[in-house]
Structure formats: C-alpha cells, structure tokens
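S.K.: What follows is a single structure, and I will ask about it in a moment.
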Amino acid sequence: MIDWDEPLRTPLGAKTAKKLADELGLHTVGGLLRYYPRRYATRGELTDLSSLAEGEQVTVVAEVHSVHKRDLRRGPGGKPRSLLEAVITDGTGRLTLAFFAKVGYHQRELVTGRRGMFAGRVSAYRGKQQLAHPVYEMLPEDSASDERAREFAERPLPIYPATKDLPSMTIARCVGPVLDQAREAGLADPLPEDLRSRHRLLGLTEALERIHRPVDSDDIPPARLRLKWDEAFVLQAALARRRREAAEVAAVPRPGDAGGLLQAFDAALPFELTEGQREVGSAVAESLASAHPMHRLLQGDVGAGKTLVALRAMLQVVDSGGQAVLLAPTEVLAQQHHRSITGMLGPLARAGRLDGAENATKVALLTGSQGAAARRQGLLDAASGDAGIVVGTHALLQEHVSFADLGFIVVDEQHRFGVEQRDALREKSAEGRPHVLVMTATPIPRTVAMTVYGDLDVVALNQLPSGRAPVSTHVVPAAEKPRFLERAWERIREEAAQRRQVYVVCPRIGDGDGDGQAGEAPAAGDGGSPGAEADGEEGARRAPSAVTEVASELAAGPLAGLTVEALHGRLAPEEKDAAMRRFADGRIDVLVATTVIEVGVDVPTATAMVIMDADRFGVSQLHQLRGRVGRGGLPGLCLLVTEAEAGTPARERLDAVAATTDGFELSRVDLEQRREGDVLGGAQSGRRSSLRMLALLRDEELIGRAREEAARYIDEDPELAAHPQLAAALEELLTEDRAEYLEKT
Numbered sequence: 001m002i003d004w005d006e007p008l009r010t011p012l013g014a015k016t017a018k019k020l021a022d023e024l025g026l027h028t029v030g031g032l033l034r035y036y037p038r039r040y041a042t043r044g045e046l047t048d049l050s051s052l053a054e055g056e057q058v059t060v061v062a063e064v065h066s067v068h069k070r071d072l073r074r075g076p077g078g079k080p081r082s083l084l085e086a087v088i089t090d091g092t093g094r095l096t097l098a099f100f101a102k103v104g105y106h107q108r109e110l111v112t113g114r115r116g117m118f119a120g121r122v123s124a125y126r127g128k129q130q131l132a133h134p135v136y137e138m139l140p141e142d143s144a145s146d147e148r149a150r151e152f153a154e155r156p157l158p159i160y161p162a163t164k165d166l167p168s169m170t171i172a173r174c175v176g177p178v179l180d181q182a183r184e185a186g187l188a189d190p191l192p193e194d195l196r197s198r199h200r201l202l203g204l205t206e207a208l209e210r211i212h213r214p215v216d217s218d219d220i221p222p223a224r225l226r227l228k229w230d231e232a233f234v235l236q237a238a239l240a241r242r243r244r245e246a247a248e249v250a251a252v253p254r255p256g257d258a259g260g261l262l263q264a265f266d267a268a269l270p271f272e273l274t275e276g277q278r279e280v281g282s283a284v285a286e287s288l289a290s291a292h293p294m295h296r297l298l299q300g301d302v303g304a305g306k307t308l309v310a311l312r313a314m315l316q317v318v319d320s321g322g323q324a325v326l327l328a329p330t331e332v333l334a335q336q337h338h339r340s341i342t343g344m345l346g347p348l349a350r351a352g353r354l355d356g357a358e359n360a361t362k363v364a365l366l367t368g369s370q371g372a373a374a375r376r377q378g379l380l381d382a383a384s385g386d387a388g389i390v391v392g393t394h395a396l397l398q399e400h401v402s403f404a405d406l407g408f409i410v411v412d413e414q415h416r417f418g419v420e421q422r423d424a425l426r427e428k429s430a431e432g433r434p435h436v437l438v439m440t441a442t443p444i445p446r447t448v449a450m451t452v453y454g455d456l457d458v459v460a461l462n463q464l465p466s467g468r469a470p471v472s473t474h475v476v477p478a479a480e481k482p483r484f485l486e487r488a489w490e491r492i493r494e495e496a497a498q499r500r501q502v503y504v505v506c507p508r509i510g511d512g513d514g515d516g517q518a519g520e521a522p523a524a525g526d527g528g529s530p531g532a533e534a535d536g537e538e539g540a541r542r543a544p545s546a547v548t549e550v551a552s553e554l555a556a557g558p559l560a561g562l563t564v565e566a567l568h569g570r571l572a573p574e575e576k577d578a579a580m581r582r583f584a585d586g587r588i589d590v591l592v593a594t595t596v597i598e599v600g601v602d603v604p605t606a607t608a609m610v611i612m613d614a615d616r617f618g619v620s621q622l623h624q625l626r627g628r629v630g631r632g633g634l635p636g637l638c639l640l641v642t643e644a645e646a647g648t649p650a651r652e653r654l655d656a657v658a659a660t661t662d663g664f665e666l667s668r669v670d671l672e673q674r675r676e677g678d679v680l681g682g683a684q685s686g687r688r689s690s691l692r693m694l695a696l697l698r699d700e701e702l703i704g705r706a707r708e709e710a711a712r713y714i715d716e717d718p719e720l721a722a723h724p725q726l727a728a729a730l731e732e733l734l735t736e737d738r739a740e741y742l743e744k745t
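Going by UniProt numbering, the sequence shown opens with residue 1, and the numbers climb by one from there.
Have a look at this one:
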C-alpha cells in the first residue's frame, strides 16, 4: 500500500516537491491528497470573460483568437527582446495573454482556433484586461478532442486554494499522478469496514478520487461525507483513548465530611442554590469522591454562579483533609476572588482567630506583587496545610511554592493559561493526580465541546441566579448619528445621579502603546480584536480609543463634575486594587478601563457600560464585558459605540450582540466569523489545522455519531490491535508535540 508519509519528491520529482513545500507547506503524499479543492467550477463559470475583475486570480477556458509577436528594445548587453500577445475569447468577451519569456515556445503552443485552460491574475494595460505570463494547458486536437471537450464541459473543475506562483491548475496536475499511484497501490483505510458499512461510507481511495477528480457533481457529496468522517472519527478516537487513560490514573478520593465546612457553609447561605447549581454540584461532588482524577470543564454564561459551585467543591476537598487551589488569570481577579471567598465563608475562613469558627480554615492569597511579609505568610500557610484554600495567579506556578496535600485545582478562565502552566501546577500534588475543574464564562457550542474539550467531562450552568437583572444592549453609531453619542453620555449622567457606577471600556491604554491592548490579556477566545483586521478597514481608520485620553476628555467634557478614574494593566497592582475598591465603594462614578475588568469583577451597583470602538472586540469578549453590569438586581445597560458602517461584518457582529443575551447563541456567531483553528493545539504546535473538511457547526450531528462510535471501539479494543490502520492514523495524528499537548490538557 502507498505510504502516507512518502516524500513528494518520489512521485513528483525534487523540483515540483520543493515548490509544493515552499508555497503550500505540503511535503508528503498524504499531505497532498488531503489538500482538498476549495470549490468546484463548471465550464460556463470559467469562461465568462465578460465578468472578470482586475486583480482577480482566475482560471478561464477559451479559444485562441489571434497571436502576435512584437520586437522590443534590446535589453542589457544588446540582447534582443520580444513580446508575444495572444487574444483569447469565449464568445462573451476577449482577454489578452502577454509573454515576455520563452516567446518561441508559447508561439508554437498557442495556435489560432485551439482551446485551452488559462490561469493567472487579471491586470490592465492600456485600457485592456490581460493575463501576464499565465499558466495554461491546451486541449488536445486529436479525434477524441470533441469528446474530451464535452467531458470537460460537464465535469466539475476542482479549484484549489492557490498562490500567485502555484495556481490551481498546477496543483491539480500534481495531484493526478499521486492519485493514480494510490489507486494502483491502494491506501490504508483508517475507518473499520463495519463502521463504513453501518454509515454507508465510500472507501478511502474512491472518496479521494471523487473529491479530486469528480465525474459529475453527484460524486462530491458522498466523498465529502466520507472524508469528514475520517477527521471526526480519528480525532474522537484520540480523545476517547485519552479519557480512558485518564480514568485509569490514581487520585486520592475526596468524599468530604458530613459535619464539615461544606455543611456549615450551606446552612449559612442567605439564598437558595439554583437547580443547575445543585445538579452540577452533585456531579462534581461525586467525581471528587472517585479514586480517579476528576477532569471537568464547567462552562456557564456570565453571572451563572460558577464560582459558588467551585467554592462548594473546594470545601468538600478541605473537609477530606486536602487543599484546593484557585488559579486566576490576573491579580485584580485573584484579589477579588480572595475577598469574595473570605467574605462568603465569614468565620469559616478565620482559622486561628478569636472570631473564627471551630472548624475554620485559612484562605491564602499568593500573587507576584505581594509584599515580602504577606508573601512569606501565604507560602507558609500553603506549605503547612493551614490554608485549605489558596487563591493566586501565575505566582502559584513557581518552583518554591509547595503544598501539604494538593487535592483539587480550579482554573478560572482556563483559556488564559497555557498548557505548560496548568501542568506545572498539577505536578505540585504529592499523592496521585489532583482533581481538576476548569471554568469558562465563554459559552462553547456543543460541537466545540466535543472536539476541543472532548477529553473532558463537560457540564454547563444555563440558569442565572435569582436577583440578576436583565441587561439591555444598544448600538450607538457615532459617525452616522453623533446625537446618539451625546445622548449616551447624558444617559450615563442619569445613572450617576442615582448613585450608580458606570464602566467605560476602551481597546487600548494610550500614551503611544500602539493599537494593541498593551499589557492586557488577549480577548477571550477571540485572539484579540478581529473587527478591523477582518474587515480590511484598518488602514483607513483612526487609532482605537485609549483609556488615558478618553478619561481626560470625559472628565473635562460630557461627564464634567463626576468622579472619573482610569484603570489599566500598566498600573501597579496596588493601584489597580485601590481603584477597584473605590469604585466598588461608590467613590468613583465612572471607571474608564481596558479589558482588565472583563472577567470576575463584581460590583453590584455598576449598572451601565459604554464600550468605545466596540467593533474592535470579538463577539464573546463583548458578551463577557457586559456581564459586569446588572449583577445587583438593578437593570443593566450596555452601549456599543462604533463608527463601523451599517451592513459591514463589524456592524453585524455588534447587531448580533445587541439582539440577544444568549451567550450560547453568540458563541455560534463568534465561531462562524473566525477560523476554528487546530483542535489539537495548533497555536501551541505551529502546525496546520487538523480540520480540513470538517466544520464544527455544520457537522454537529456527524461529530456526535463519530464520538459514540469512537468510544465503542476504544472501549472494546483500547490498543486497537484488531484495527491496525486506525491505530496508524492515530499515530499520524498524534505527533509527539500533539500527544504531549493532549497529555497535559
């Protein structure tokens, strides 16, 4: 059988192989066969010369109308130079082909009356459209030419993602001999025969033949279905094996204590848990009591009460004699978590103090900016076990931080941490693997949960706690309707007059920091601010609004008389914490901030938010930001200020955010508007995405079926001894770095 890892130089030669490697990053037979056409065109679509646009990369089928050679001025050293111009037509229009090299060769090939396929970039010269040095292939003139022409007219023509120096037609010519070799030698098929039979799937060789060289349009859908199954099933098999291996690792059971901290905490709660919190809490409690490490993803919309679920789980572990760690992405959030947890626990968090409960524990805080004395005490409390709960930032990952019995790790906003960082904390457990709960307020579509987090047990909180007020969101088109922005600031003054607090969020800090967020964490799942770049508008737009500038302008202008302060990542940690305390205490009316306030910041009297240049943020991040208001029972207001024009993708994103508060619906919008990326950690490994045919949203049902099938095969045959071809496909998928990525996650 053909070897998927065979270098392309074997079937194609060294020169062609180098071109494919340099232009497309393709090195092996398998890589080329999995480089699928982007779309398919018919002859009619190809030959409409009347609709070509300047700058467009095109492939056309046309007849040579005329050929003319002209001598040009001699080049350096008196060398003669010529230009060959050929005019082609398809009956709808004409196009000139220009050649400055190998003129004699092209003159022999381009015979008047013959038809061919021509590919290149459309340019203009003296008012006429032309292709300069196009790649072309002439149709044969033998007795079968009419039949081939008819066949060509009817057959879909694969159009591959191409480059200037490697057009689609050339890629197709490279695929041909490799496909021929595959048909002759055969291909190892990773899908078991009984699975293919149950789901009526094509064999792999036939699917590749149909996807690259379809006879008609009916060939393409079954080929796509089969190749999507390849991606979904092999990936789900890798994740199923990972889940099985994780279930076999030992962990210390943490069942809790009937008369411990958790029971006392629940008895003192001034409100009822939501049904979702009870259900998720029970599932987490059961997993913590297991002799195998829990590895769960807790997702919940903004304000769903994830922290309370995590705290109850931490208390169960403390009641079992272990310690729990809460890892937060920023110092502001870590400090707030510490204050919130100690506040909720009350006397239960005051071990060793006169006002502490008899069975109380300590809640330690460890951050990078702590004073020496506070840091020493926190390290001692963690190492001795006096602190049952330790809250901290990346400072927890340092080598000199140790624990007496680390049994449970909670990672808040897990996407803010790299794989290596999470793994470093997990290694601090002395006995077995610790139980792990990762939390995110970025809602995740079901298919993403099944793929990106397919080796985790995913639980969700969909119900908001009682007392949470609705947040109304409106787009403020500042460029089209300046009066709307004036009214926005009037509305903010009205909120402040009622002794309520307001956030104003800006994309950057200011003072020459460029267009980035200058020290702030990247957008939650958005890879930064995709709005301008995605729409190709950046060059014509002004710099994004900056915290330092907007704060000054508001204090001197529309919000004069109000207390306006700035908060951003460049401030010292104690300054940030002090600003947040003043804001929470009502001593600041308007806090102008970067996305440092995006997650976890909880001020019940904050009722309004204005997001400047809102189109600079991603959908999920906007949803996260507005979750900071309406948290205390008072109605919330979020105003999305933008200069993006109506009908542009940037404006459509904002309209989507304004139209719904359903984070899960917005997560689908977000995924549709950006690349899905490599579900096995392409950002970490730098590799091409492993998803070429599969679409996480469109193929939700297929991914679900593949997950069920993969789990069954792995359960019945964990080593896949009866399915060596599937085992080989897993080996190929899980290269060393990707295997390490899965292991650490």
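The beta-carbon is built from N, C-alpha and C at its ideal position, and this holds for glycine as well.
1. Evaluate contact between the region 380 to 388 and the region 328 to 341, counting only Cβ atoms and requiring at least three cross-stretch pairs below 8 Å.
2. My output table needs one value for G514: the three-state DSSP class, helix, strand or coil.
3. Touching or not, the region 102 to 111 and the region 33 to 40, by the rule of three or more beta carbon pairs under 8 Å?
4. How many Å lie between V284 and G322 at the Cα?
5. So, at 6 Å on beta carbons, what are the nonlocal neighbours of V476 in its own chain, with the 5 sequence-adjacent residues on each side left out?
6. With H, G and I counted as helix, E and B as strand and the rest as coil, what does DSSP make of A521?
7. On the three-state DSSP scale, how would you describe K69?
8. Here's the rule I'm using: 16 or more other beta-carbon atoms within 10 Å means buried, otherwise exposed. How should V410 be labelled?
9. Output the boundary residues of the beta strand (DSSP E) element that contains residue 827.
10. Give me, in chain order, the residues of the same chain whose beta-carbon lies closer than 7 Å to that of D515; leave out the 5 immediate sequence neighbours on both sides.
11. Among residues of its own chain, excluding the 5 on either side of A162, which ones have a beta-carbon nearer than 6 Å to its beta-carbon?
12. What does the alpha-carbon distance come out to for the pair H65 and E56?
13. Among V234, T205 and Q236, which has the Cα closest to the Cα of P222?
14. For L225, which residues of its own chain have a beta-carbon under 6 Å away from its beta-carbon, when the five flanking residues on both sides are left out?
15. Who pairs with F408 in a beta bridge, going by DSSP?
16. Would you report the Cα separation of E209 and V29, rounded to the nearest angstrom?
17. What did DSSP end up calling D662 once you bin it into helix, strand or coil?
18. Just list the beta strand (DSSP E) runs in the region 582 to 662, keeping only unbroken ones of 3 residues or longer that don't cross its boundaries, in chain order.
19. If we call anything under 8 Å between Cβ atoms a contact, is Q725 one with A98?
20. Confirm, please, whether the CB-CB distance from A710 to A237 is below 8 Å.
21. Just the C-alpha distance for A404 and T661, rounded to the nearest angstrom, thanks.
22. Does the Cβ of V64 lie closer than 7 Å to at least one heavy atom of the ligand ADP?
23. For a quick check, are the C-beta atoms of L273 and D412 less than 8 Å apart?
24. In angstroms with no decimal places, state the Cα-to-Cα distance between T10 and M138.
25. Helix or strand or just coil, what does DSSP make of P347?
26. Around the Cβ of Q398, are there at least 16 other Cβ atoms within 10 angstroms (buried) or fewer (exposed)?
27. Does the beta-carbon distance from T361 to A372 come in below 8 Å?
28. Anyone know if the C-beta pair for H212 and V249 falls short of 8 Å?
29. Quick one: using the 10 Å Cβ neighbour count with 16 as the cut-off for buried, is P635 buried or exposed?
30. Spatial neighbours of G519 within its chain, please: C-beta separation below 6 Å, excluding the five flanking residues on both sides.
31. Tell me the DSSP secondary structure of S402 in three-state form.
32. Write down the C-beta distance between A606 and Y503 rounded to the nearest angstrom, noting that I regard them as a contact closer than 8 Å.
33. Would you decide whether H337 is buried or exposed? Buried here means 16 or more other CB atoms lie within 10 Å of its CB.
34. Just the C-alpha distance for T648 and A172, rounded to the nearest angstrom, thanks.
35. Give the DSSP-derived three-state secondary structure of E85 in the structure shown.
36. Give the range of the beta strand (DSSP E) segment to which P272 is assigned.
M.R.: Working from what's here:
1. no
2. As a working note, residue 514 is residue 514 in the sequence shown. Since pLDDT at G514 reaches only 46, below the 50 mark, its modelled position is unreliable, and the value read off the structure follows with that caveat. Correct three-state label for G514: coil.
3. no
4. The residue labelled residue 284 in the question sits at position 284 within the sequence shown. The residue labelled residue 322 in the question sits at position 322 within the sequence shown. Their Cα atoms are separated by approximately 16 Å.
5. The sequence position of residue 476 within the sequence shown is 476, counting from 1. So the qualifying residues of the chain are F484, L485, A488, L639 and V641.
6. Locating residue 521 in the sequence shown gives position 521, counting from the first residue. With a pLDDT of only 37 at A521, under 50, the local geometry of the prediction cannot be trusted, and the value read off the model is given with reservation. A521 falls in the coil class under three-state DSSP.
7. Within the sequence shown, numbered from 1, the residue matching residue 69 stands at position 69. Three-state DSSP puts K69 in a strand.
8. Locating residue 410 in the sequence shown gives position 410, counting from the first residue. By the 10 Å Cβ count, V410 comes out buried.
9. Coverage of the chain is limited to positions 1 through 745, which leaves residue 827 absent and any answer about it impossible.
10. In the sequence shown, residue 515 corresponds to position 515, counting from 1. Since pLDDT at D515 reaches only 42, below the 50 mark, its modelled position is unreliable, and no value is offered.
11. As a working note, residue 162 is residue 162 in the sequence shown. Only S168 meet the Cβ criterion.
12. Counting from one through the sequence shown, the residue named residue 65 turns up at place 65. Counting from one through the sequence shown, the residue named residue 56 turns up at place 56. Roughly 22 Å between the two C-alpha positions.
13. Stepping through the sequence shown from its first residue, residue 222 is reached at position 222. Taking only the C-alpha atoms, the option nearest P222 is T205.
14. As a working note, residue 225 is residue 225 in the sequence shown. None.
15. Translated into the one-based positions of the sequence shown, residue 408 becomes position 408. Answer is A324 and H435.
16. Here residue 209 is taken as the residue at index 209 of the sequence shown, counted from 1. Here residue 29 is taken as the residue at index 29 of the sequence shown, counted from 1. Counting only the Cα atoms, V29 lies some 14 Å from E209.
17. Here residue 662 refers to the residue found at position 662 of the sequence shown. In the three-state reduction of the DSSP assignment, D662 falls in the coil class, being assigned neither a helical nor a strand state.
18. If we require 3 residues or more, the beta strand (DSSP E) runs fully inside the region 582 to 662 come out as 590 to 593, 606 to 611 and 636 to 642.
19. Walking along the sequence shown from the start, residue 725 turns up at place 725. Walking along the sequence shown from the start, residue 98 turns up at place 98. Not a contact, by the Cβ cut-off of 8 Å.
20. Numbered from 1 along the sequence shown, position 237 holds the residue referred to as residue 237. Numbered from 1 along the sequence shown, position 710 holds the residue referred to as residue 710. Cβ distance < 8 Å, so A237 and A710 count as in contact.
21. Within the sequence shown, the letter at position 404 stands for residue 404. Within the sequence shown, the letter at position 661 stands for residue 661. Using only the alpha carbons, I get a separation of about 43 Å.
22. Among the components of this structure there are no ligands whatsoever, and the ligand ADP is therefore not found.
23. In the sequence shown, the residue the question calls residue 273 occupies position 273. In the sequence shown, the residue the question calls residue 412 occupies position 412. The answer is no: Cβ separation not under 8 Å.
24. Mapped onto the sequence shown, residue 10 falls at position 10. Mapped onto the sequence shown, residue 138 falls at position 138. T10 and M138: Cα-Cα distance of roughly 27 Å.
25. On the sequence shown, residue 347 is found 347 positions in, with the first residue counted as 1. Of the three classes helix, strand and coil, the one that applies to P347 here is helix, per DSSP.
26. On the sequence shown, residue 398 is found 398 positions in, with the first residue counted as 1. Exposed, because fewer than 16 other Cβ atoms sit within 10 Å of the Cβ of Q398.
27. Position 361 of the sequence shown, counting from 1, holds the residue named residue 361. Position 372 of the sequence shown, counting from 1, holds the residue named residue 372. No, the Cβ-Cβ distance between T361 and A372 is not below 8 Å.
28. For the purposes of this step, residue 212 is taken as residue 212 along the sequence shown, with counting starting at 1. For the purposes of this step, residue 249 is taken as residue 249 along the sequence shown, with counting starting at 1. No, the Cβ-Cβ distance between H212 and V249 is not below 8 Å.
29. In the sequence shown, the residue the question calls residue 635 occupies position 635. Exposed is the call here.
30. By 1-based counting over the sequence shown, the position of residue 519 is 519. With a pLDDT of 36 at G519, under the threshold of 50, the modelled position of that residue is not reliable, and the figure given next carries that caveat. Same-chain partners within the cutoff: G569 and R570.
31. Here residue 402 refers to the residue found at position 402 when the sequence shown is read from its first residue. The answer is coil: DSSP assigns S402 none of H, G, I, E or B.
32. Against the sequence shown, residue 606 aligns to sequence position 606. Against the sequence shown, residue 503 aligns to sequence position 503. Cβ-Cβ separation between A606 and Y503: approximately 6 Å, consistent with a contact (criterion under 8 Å).
33. For this step, residue 337 is matched to residue 337 along the sequence shown. Result: buried.
34. As a working mapping, residue 648 is identified with position 648 in the sequence shown. As a working mapping, residue 172 is identified with position 172 in the sequence shown. Their backbone Cα atoms lie some 35 Å apart in a straight line.
35. As a working note, residue 85 is residue 85 in the sequence shown. Looking at E85 - three-state DSSP - the assignment turns out to be strand.
36. Taking the sequence shown and counting its residues from 1, one reaches residue 272 at position 272. Before going on, a small fix: residue 272 reads as Glu here, not Pro. Element bounds for E272: n/a, residue is neither H nor E.
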